[in-house]
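Asker: Heads up: the protein sequence lines correspond to chains A and B, in order. With UniProt numbering, the residue at position 81 of the first sequence is 81, and numbering never jumps. With UniProt numbering, the residue at position 384 of the second sequence is 384, and numbering never jumps.
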Amino acid sequence: MIEGVAALYILMLAAFVGFEVISRVPVILHTPLMSGSNFIHGIVLVGAMIALGQAETGLEMTIGFIAVLLAAGNAVGGYVVTERMLEMFKSSDKKEQGK
Amino acid sequence: MSGIVELVYFATAVTFILGLKRMSHPTTARSGIHWAGIAMAVATVATLFHPEIQGRYILMLLAVAIGGGVAYLGARKVEMTDMPQMIAIYNGMGGGAAAAIAAVELIRVAENPMLAETHGAMALWLGVLGALIGCVAFSGSVVAWAKLDGRMQKSFNFKNQQWVNLAIIAVAVLFGIIIATTTPGPFTLIVFFALALAFGAMMALPIGGADMPVIISLFNAFTGLAVAMEGFVLDNAAMIIAGTVVGSAGTLLTQLMAKAMNRKLSSVLFKQFGGAPSGEKTEVEGSMRPTDPSDGGIQMAYADKVIIVPGYGMAVAQAQHKIWEMVELLTERGVDVKFAIHPVAGRMPGHMNVLLAEAGVPYDMIYDLEEINNEFEMADVTLVIGANDVVNPVAKSDPDSPLYGMPILNADQSKNVLVIKRGQGSGFSGVENHLFYLDHTRMVYGDGQKVVGEMIASIKTL
């Protein structure tokens, strides 16, 4: 078990990482990045699988099943949409726009 | 085995952060999503060997196949213009999954209070909070999706709406506290989840038009947080770190979007904008002067410098391919062509960039508001296609206008302005656009794709 204070440290550090990563992003990448972060919280799939794997009663299994179903949709859909958007980013010969 | 699974989760969290970092630069963006995708796949497979999973493998694979399959097909065939609502619905699914995990765990605790001891009090509180946030993200995203997809009326308001919402969330929080501190019965759990779902829907219902991307981004951050909270319940480091990173990144992104529109997040959430009538229309002097597409094309062909301002209308008309064809022709003739993108052009920041990229426009021809705003006075022609509010000069001149204070593209300062527009209606905000009435502005009415096609034809005859 991740103990109370350690958990707070993890939260705080991860939150700073999120801020840092986004803060230097050019506007043109805002939508793809929102979509990309949408994919990343698809990691909820892992938790949904564990919840279903622990389920004992029929009710728990039903809800666990729904959890895995939704989470898989989040992960797969998020990936495909982001990939399709980023696929279109091509650069012409003169690299690096003047910032 | 459990050690290896933990190690995989650790590596997943690190790869997610690196992937997100790569996604934040145009040249590395594609590899970023690939990295994150591989990490996700590895983590999913490793989870099959998680020591706490006692079976249900067939159910698990079935759910993954159905959920993943439907999402894959949906994401493959959707048009680029409809991307915002797809992001909304996939985000909602993530929030729903987090809430469902919480439901399973809370039911298990309710049936077997001994489990509460092993989970620990803090995990229980975070689990309940995650359930609340996840439910809100789920129902809110579904409403946002339905609205953007045109399945629901644009906005929905009634008297004392904010007080009703406040009451719903207050009672939901109260039930949450009961669940976290006692051994709850099924009734308590059902009411809690129902109220949380209701609140999410109520939050998204009154929001319309240009504010939609802001609320979607906010729900995206919510889902991230909910995932992190459930990560604590399941003691899963990958969920905690990935969820928190998305939560904070999403919050910042939401603020950036709101700022780009010069709107406070609070006023997006608690006031109505686009949907409500904007009161009296300001009288505009003069009239709009129409012109032919072919004249407009010739005017651009003989110009030295042309700036193109695209808006949502371009997306609706799917005119981006034609525009790029025209730009290539103009460039061949030696015309300096640039694209100017307002941060909120379209339905999401970067929406226009994605569409232009799809048509083959290199991203280094595309400029942000700050980069290009001083160049408009040097432009011989500014071509506005399907954009309205983002070039409306009243944002600078009329303090009574609802647009006042929003940074705009200075299209009005260029020597000539061509506006391609379907009809004479006003923009999202319902505010009359003074740009259209200026002496050096010419209106070209018609479908964007058709009009640009005619412009191309006239340029070719030269």
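Note that beta-carbon positions come from the ideal geometry of N, C-alpha and C, so glycine has one too.
Pair every Cβ in the segment 59–69 of chain B with every Cβ in the segment 50–65 of chain A, then say whether three or more of these pairs are closer than 8 angstroms.
Answerer: Yes, the segment 59–69 of chain B touches the segment 50–65 of chain A.
Asker: Return the residues of the segment 73–106 of chain B that lie within a Cβ-Cβ distance of less than 7 angstroms from chain A, sorted by chain order.
Answerer: Residues G74, A75, R76, M83, M86, I87, Y90, N91, M93, G94, G96, A97, A98, A100, I101, A103, V104 and E105.
Asker: Since I believe I308/B is in contact with I323/B (beta carbons under 8 angstroms), could you give me their beta-carbon distance rounded to a whole number of angstroms?
Answerer: Counting from 1 along the second sequence, the entry for residue 323/B is found at position 323. Counting from 1 along the second sequence, the entry for residue 308/B is found at position 308. Between I308/B and I323/B the Cβ distance is about 7 angstroms, and since that is below 8 angstroms, they are a contact.
Asker: Could you tell me which chain B residues have their CB closer than 9 angstroms to the CB of A14/A, listed as they occur along the chain?
Answerer: On the first sequence, residue 14/A is found 14 positions in, with the first residue counted as 1. Ordered by position in chain B, the residues that pass the 9 angstroms Cβ test against A14/A are A13, I17, A228, I240, I241, A242, G243, T244, V245, G247 and S248.
Asker: Give the residues of chain A in contact with F199/B, contact being defined as C-beta atoms less than 7 angstroms apart.
Answerer: The count along the second sequence starts at 1 and reaches residue 199/B at position 199. Simply none; closest approach about 19 angstroms.
Asker: Closer than 8 angstroms is the cut-off here; do at least three beta carbon pairs connect the segment 18–31 of chain A with the segment 249–259 of chain B?
Answerer: Yes: the two stretches touch, three or more of their Cβ pairs being nearer than 8 angstroms.
Asker: How long is the line joining the alpha carbons of I43/A and L256/B, rounded to whole angstroms?
Answerer: Counting from 1 along the first sequence, the entry for residue 43/A is found at position 43. Counting from 1 along the second sequence, the entry for residue 256/B is found at position 256. Spanning the two alpha carbons is a distance of roughly 25 angstroms.
Asker: Report the option in I107/B, I459/B, A99/B and V227/B whose CA atom is closest to the CA atom of G58/A.
Answerer: In the first sequence, the residue the question calls residue 58/A occupies position 58. With distances taken between Cα atoms, G58/A lies closest to I107/B.
Asker: Helix, strand or coil for K338/B? Go by DSSP, reduced to three states.
Answerer: Here residue 338/B corresponds to residue number 338 of the second sequence, with the count starting at 1. Three-state DSSP puts K338/B in a strand.
Asker: Check for me: the alpha helix (DSSP H) holding L106/B runs from which residue to which?
Answerer: Position 106 of the second sequence, counted from the first residue, corresponds to residue 106/B. Per DSSP, L106/B belongs to the alpha helix (DSSP H) from M83 to E111.
Asker: What are the start and end residues of the alpha helix (DSSP H) that includes T47/B?
Answerer: If you number the second sequence from 1, residue 47/B lands on position 47. Start and end: A29 to T47.
Asker: On the CB-based measure, 16 or more other CB atoms within 10 Å of its CB, does A457/B come out buried or exposed?
Answerer: On the second sequence, position 457 is the one that residue 457/B refers to. Looking at its Cβ environment, which holds fewer than 16 other Cβ atoms inside 10 Å, A457/B is exposed.
Asker: Could you give the distance in angstroms between the alpha-carbon of F219/B and the alpha-carbon of Y445/B?
Answerer: Numbered from its first residue, the second sequence carries residue 219/B at position 219. Numbered from its first residue, the second sequence carries residue 445/B at position 445. Rounded to whole angstroms, F219/B to Y445/B spans 38 angstroms at the Cα level.
Asker: Counting only C-beta atoms, is L234/B closer than 8 angstroms to chain A at any point?
Answerer: For the purposes of this step, residue 234/B is identified with residue 234 of the second sequence, where counting begins at 1. Judged by the 8 angstroms Cβ criterion, L234/B is in contact with chain A.
Asker: For A51/A, return the contacting residues in chain B, with the cut-off set at a CB-CB distance below 8 angstroms.
Answerer: Reading the first sequence from its first residue, position 51 is the one you call residue 51/A. Near A51/A (Cβ distances below 8 angstroms), the residues of chain B are A100, I101, V104, E105 and L234.
Asker: Tell me the rounded alpha-carbon separation between G92/B and G134/B.
Answerer: Here the question's residue 92/B lines up with position 92 in the second sequence. Here the question's residue 134/B lines up with position 134 in the second sequence. Taking the straight line joining both Cα atoms gives about 8 angstroms.
Asker: Taking a cut of 8 angstroms between CB atoms, which residues from the segment 5–35 of chain A lie near chain B?
Answerer: If the cut-off is 8 angstroms between Cβ atoms, the segment 5–35 of chain A has A7, I10, L11, A14, A15, F16, V17, G18, F19, V21, I22, S23, R24, V25, P26, V27, I28, L29, H30, T31, P32, L33, M34 and S35 near chain B.
Asker: Are the beta-carbon atoms of P402/B and V431/B separated by less than 8 angstroms?
Answerer: Position 402 of the second sequence, counting from 1, holds the residue named residue 402/B. Position 431 of the second sequence, counting from 1, holds the residue named residue 431/B. Contact flag set, yes.
Asker: Taking the alpha carbon of V76/A as the reference point, which residue from V419/B, M83/B, Y90/B and A110/B has its own alpha carbon closest?
Answerer: Start at 1 with the first residue of the first sequence, and residue 76/A comes out as number 76. Selected option, being the one with the closest Cα: Y90/B.
Asker: Give every residue of the same chain whose Cβ lies closer than 7 angstroms to the Cβ of A228/B, excluding the five residues on either side of it in the sequence, and list them in chain order.
Answerer: Walking along the second sequence from the start, residue 228/B turns up at place 228. Closer than 7 angstroms at the Cβ level, and outside the excluded window around A228/B, lie M239, I240, G243, T244 and G247.
Asker: Would the segment 311–330 of chain B count as touching the segment 40–50 of chain B if we require 3 or more Cβ pairs under 8 angstroms?
Answerer: Contact between the segment 311–330 of chain B and the segment 40–50 of chain B is absent, because fewer than three Cβ pairs lie under 8 angstroms.
Asker: Can you grab the Cα-Cα spacing for the pair M12/A / V5/A, in whole Å?
Answerer: Locating residue 12/A in the first sequence gives position 12, where the first residue counts as 1. Locating residue 5/A in the first sequence gives position 5, where the first residue counts as 1. Whole-angstrom Cα-Cα distance: 11 angstroms.
Asker: Just tell me which of L73/B, E454/B and T27/B has its CA closest to the CA of G296/B.
Answerer: Within the second sequence, residue 296/B is the residue found at index 296, counting from 1. Out of L73/B, E454/B and T27/B, E454/B has the C-alpha closest to the C-alpha of G296/B.
Asker: Using a Cβ-Cβ distance under 8 angstroms, would G78/A count as near chain B?
Answerer: What you label residue 78/A is simply residue 78 of the first sequence in a count that begins at 1. Yes, G78/A counts as interfacial toward chain B.
Asker: For chain B, check one thing: does any of its Cβ atoms lie closer than 8 angstroms to the Cβ of G42/A?
Answerer: Here the question's residue 42/A lines up with position 42 in the first sequence. So, interface residue.
Asker: For chain A, find out if any of its Cβ atoms is closer than 8 angstroms to the Cβ of residue 474/B; answer yes or no.
Answerer: This structure does not reach residue 474/B, given that chain B is present from 1 up to 462, and the question cannot be answered.
Asker: Would you mind stating whether L369/B and H351/B have Cβ atoms separated by less than 8 angstroms?
Answerer: Numbered from 1 along the second sequence, position 369 holds the residue referred to as residue 369/B. Numbered from 1 along the second sequence, position 351 holds the residue referred to as residue 351/B. No, they are not a contact pair.
Asker: Would you tell me roughly how many angstroms separate the C-alpha atoms of S2/B and A13/B, rounded to the nearest one?
Answerer: Position 2 of the second sequence holds residue 2/B. Position 13 of the second sequence holds residue 13/B. C-alpha separation (whole angstroms): 17 angstroms.
Asker: Span of the beta strand (DSSP E) holding T441/B?
Answerer: Here residue 441/B refers to the residue found at position 441 when the second sequence is read from its first residue. Where T441/B is concerned, the enclosing beta strand (DSSP E) stretches over T441 to Y445.
Asker: Only counting the same chain, and skipping five residues up and downstream in sequence, which positions put a Cβ closer than 6 angstroms to that of I420/B?
Answerer: As a position in the second sequence, residue 420/B is number 420, starting the count at 1. Hits under 6 angstroms: I385, V444, G448 and V451.
Asker: Between the alpha carbons of A167/B and S414/B, how many angstroms are there, rounded?
Answerer: The residue labelled residue 167/B in the question sits at position 167 within the second sequence. The residue labelled residue 414/B in the question sits at position 414 within the second sequence. A167/B and S414/B: Cα-Cα distance of roughly 52 angstroms.
Asker: Can the beta-carbon of A102/B be found closer than 8 angstroms to that of G67/B?
Answerer: In the second sequence, the residue the question calls residue 102/B occupies position 102. In the second sequence, the residue the question calls residue 67/B occupies position 67. No; because the gap between Cβ atoms is not below 8 angstroms, this pair is not in contact.
Asker: 8 angstroms is my cut-off, CB to CB: does P184/B come that close to chain A?
Answerer: Here residue 184/B is taken as the residue at index 184 of the second sequence, counted from 1. Closer than 8 angstroms: no.
Asker: In whole angstroms, what separates the C-alpha of S23/A from that of A395/B?
Answerer: For the purposes of this step, residue 23/A is identified with residue 23 of the first sequence, where counting begins at 1. For the purposes of this step, residue 395/B is identified with residue 395 of the second sequence, where counting begins at 1. Rounded to whole angstroms, S23/A to A395/B spans 27 angstroms at the Cα level.
Asker: Quick check: the Cα distance between N388/B and G55/B, rounded to an integer number of angstroms?
Answerer: Taking the first residue of the second sequence as 1, we reach residue 388/B at position 388. Taking the first residue of the second sequence as 1, we reach residue 55/B at position 55. Roughly 57 angstroms between the two C-alpha positions.
Asker: Just list the residues that DSSP pairs residue 550/B with in beta bridges.
Answerer: In the structure displayed, chain B extends from 1 to 462; residue 550/B sits before or after that span and is not available.
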